[in-house]
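Chains as they are written, first to last, in this note's numbering: chain A, 1 to 441; chain B, 442 to 473.
And the structure:
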């Protein structure tokens, strides 16, 4: 028996205890210092006399027969592929790259609007393509931008037509919007089958308005709040996103309090997410204000200790910790964190096809066209489709690969030029926080 | 050693915890 290649073992933050997680065998345990010392001896290839402890480790897959573990790995991988084949596809459609906002950190600010415009003809071509290509798959559409809910009457007519087409196709819609025109779109959205609307507030009024303002500089907070209120009243699901960096992180307790006081957090139609402000495609003017992945969650962890009401608004996942806490079991092994060209595709109003939201709009990342002609760049699509932890060399010996899934293919490609390279997630460090937050109480 | 896994007669089907499934697939930023 050998120490499993999939063990993730470390000390729990603010505790004398340790955790041991094995995403392949599906076990997770908390160890006292004595057991942790014995485990460390085994990890380093030593022997211990405690047979009962060894038996328990073996039973849970922390000590494993190498050949048997490799068989289990292959079987779980086949299960993963089967499951993904049946999974729902999220299809993004970009109606325009233009926007009425001039957010201080926009990652699309260097995108070109090439002069072409959305039309009913392009919408028809999009639905025709989607129904043909993904005919036998479960799917839904997320309308994306730029800003897809712009205020002009012509644009509103196009969105209205898009919604009619989705209803006729029997497809649910989601929208990713800055929320500025949400109130005036309430009736239009009400005609569709809306799964949810994602809106962004970066803090309470002053903080938000200093980051997410109109092109003329005016604040946007009050209108977005009215749009959220109207949506919740109309039973439209709102997914509120807060984009965080070092300049607004300390406003998280205030935004959480605001949402609690508004009654939003009690609504079954309300949920939240945190987005990290980071450099996706190009450098930002003040990179020192950006968090790396683990430092953001360390900061949120400390803030929650001081302001526990934050968890009424937002509970961090800390990798798979929250999942274990809420389900009493591990998620299935994650052989691939990147949905691009597998369970996610993106299309835009110029007729181009892309792998995902990270690449959509970058013309050199296009994978083909759906309008005016249907074309495919088969070799590029194949690269995206084959990306998973079995295809990335650096992942093959990594103990956290089945919780990390290799990260994002687009970020990896921006970093190395190669889709099949790593975008590592700080799984062990996040579990240190997550076990402390959710699993030791 | 104390398990944090609940014992079950039969393991329920578990949704893969993809990075972008924290709240729902709509989230922008599954690349982070």
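The C-beta atom is built at its ideal place from N, Cα and C for all residues, glycine as well.
These numbers were taken from a predicted model, which means no experiment stands behind them.
List the residues of chain B that residue i touches, going by C-beta distances under 8 Å, in chain order.
i, result
"residue 439 of chain A", "445"
"residue 388 of chain A", "Correct list: empty, because the minimum Cβ distance to chain B is about 12 Å."
"residue 27 of chain A", "444, 446"
So for residue i, helix, strand or coil by DSSP?
i, result
"residue 444 of chain B", "strand"
"residue 227 of chain A", "helix"
"residue 291 of chain A", "coil"
"residue 348 of chain A", "strand"
"residue 360 of chain A", "coil"
"residue 94 of chain A", "strand"
"residue 118 of chain A", "coil"
"residue 41 of chain A", "helix"
"residue 465 of chain B", "Confidence is the limiting factor: at residue 465 of chain B the pLDDT is only 49, short of 50, which leaves the residue's position unreliable, though a coordinate-based value still follows. If DSSP states are grouped into helix, strand and coil, residue 465 of chain B belongs with coil."
"residue 456 of chain B", "With a pLDDT of 46 at residue 456 of chain B, under the threshold of 50, the predicted position of this residue should be treated as unreliable, though the coordinate-derived value follows. Correct three-state label for residue 456 of chain B: coil."
"residue 211 of chain A", "helix"
"residue 108 of chain A", "coil"
"residue 100 of chain A", "coil"
"residue 422 of chain A", "coil"
"residue 185 of chain A", "helix"
"residue 22 of chain A", "strand"
"residue 63 of chain A", "strand"
"residue 397 of chain A", "coil"
"residue 9 of chain A", "strand"
"residue 438 of chain A", "helix"
"residue 48 of chain A", "coil"
"residue 367 of chain A", "coil"
"residue 373 of chain A", "coil"
"residue 191 of chain A", "coil"
"residue 381 of chain A", "helix"
"residue 32 of chain A", "coil"
"residue 433 of chain A", "helix"
"residue 391 of chain A", "coil"
"residue 343 of chain A", "coil"
Taking C-beta pairs closer than 7 Å, name the residues in chain B that residue i reaches, listed in chain order.
i, result
"residue 30 of chain A", "443, 445"
"residue 194 of chain A", "In chain order: nothing, as chain B lies at least about 11 Å away."
"residue 328 of chain A", "446, 447"
"residue 324 of chain A", "445"
For the candidate residues the options, whose alpha-carbon lies nearest to that of residue i?
i, options, result
"residue 196 of chain A", "A/178, A/172, A/92", "A/172"
"residue 184 of chain A", "A/230, A/283, A/145", "A/230"
"residue 103 of chain A", "A/137, A/312, A/217", "A/217"
"residue 121 of chain A", "A/80, A/315, A/349, A/134", "A/349"
"residue 288 of chain A", "A/245, A/310, A/266", "A/245"
"residue 40 of chain A", "A/25, A/4, A/190", "A/4"
"residue 130 of chain A", "A/166, A/208, A/334", "A/166"
"residue 188 of chain A", "A/234, A/221, A/219", "A/234"
"residue 354 of chain A", "A/410, A/314, A/386", "A/410"
"residue 344 of chain A", "A/371, A/385, A/50, A/272", "A/385"
"residue 286 of chain A", "A/106, A/261, A/71", "A/106"
"residue 139 of chain A", "A/383, A/399, A/155, A/85", "A/85"
"residue 22 of chain A", "A/406, A/398, A/412, A/415", "A/398"
"residue 232 of chain A", "A/265, A/366, A/339, A/82", "A/265"
"residue 443 of chain A", "A/276, A/290, A/240", "Absent from the structure is residue 443 of chain A, since the part of chain A shown begins at 1 and ends at 441."
"residue 150 of chain A", "A/127, A/179, A/169", "A/179"
"residue 24 of chain A", "A/400, A/374, A/33, A/51", "A/400"
"residue 134 of chain A", "A/50, A/155, A/169", "A/169"
"residue 49 of chain A", "A/437, A/100, A/38", "A/38"
"residue 89 of chain A", "A/174, A/16, A/147", "A/174"
"residue 322 of chain A", "A/382, A/366, A/434", "A/434"
"residue 313 of chain A", "A/116, A/260, A/438, A/142", "A/260"
"residue 291 of chain A", "A/190, A/248, A/209", "A/248"
"residue 280 of chain A", "A/362, A/18, A/72, A/215", "A/362"
"residue 373 of chain A", "A/125, A/55, A/194, A/390", "A/125"
"residue 371 of chain A", "A/128, A/415, A/405, A/424", "A/128"
Name the chain B residues that come within less than 9 Å of residue i, Cβ to Cβ?
i, result
"residue 40 of chain A", "Going along chain B, no residue has its Cβ under 9 Å from residue 40 of chain A, so there is no contact; the nearest lies around 14 Å."
"residue 35 of chain A", "442"
"residue 159 of chain A", "Simply none; closest approach about 17 Å."
Does the beta carbon of residue i come closer than 8 Å to any beta carbon on chain C?
i, result
"residue 203 of chain A", "No chain C is present in this structure, whose protein chains are A and B."
Can you pull out the residues from the segment 52–70 of chain A whose beta carbon lies closer than 7 Å to at least one beta carbon of chain B? 56
Runs of alpha helix (DSSP H) wholly within the segment 214–288 of chain A (minimum 4 residues, chain order): 221–233, 252–262
Please go through the segment 137–183 of chain A and give each complete beta strand (DSSP E) segment of 3 or more residues, from N-terminal end onward. 139–144, 173–176
Taking the runs of the alpha helix (DSSP H) that are 4 residues or longer, which of them lie wholly in the segment 304–328 of chain A? With a minimum length of 4 residues, the continuous alpha helix (DSSP H) runs that stay inside the segment 304–328 of chain A are 310–313, 321–327.
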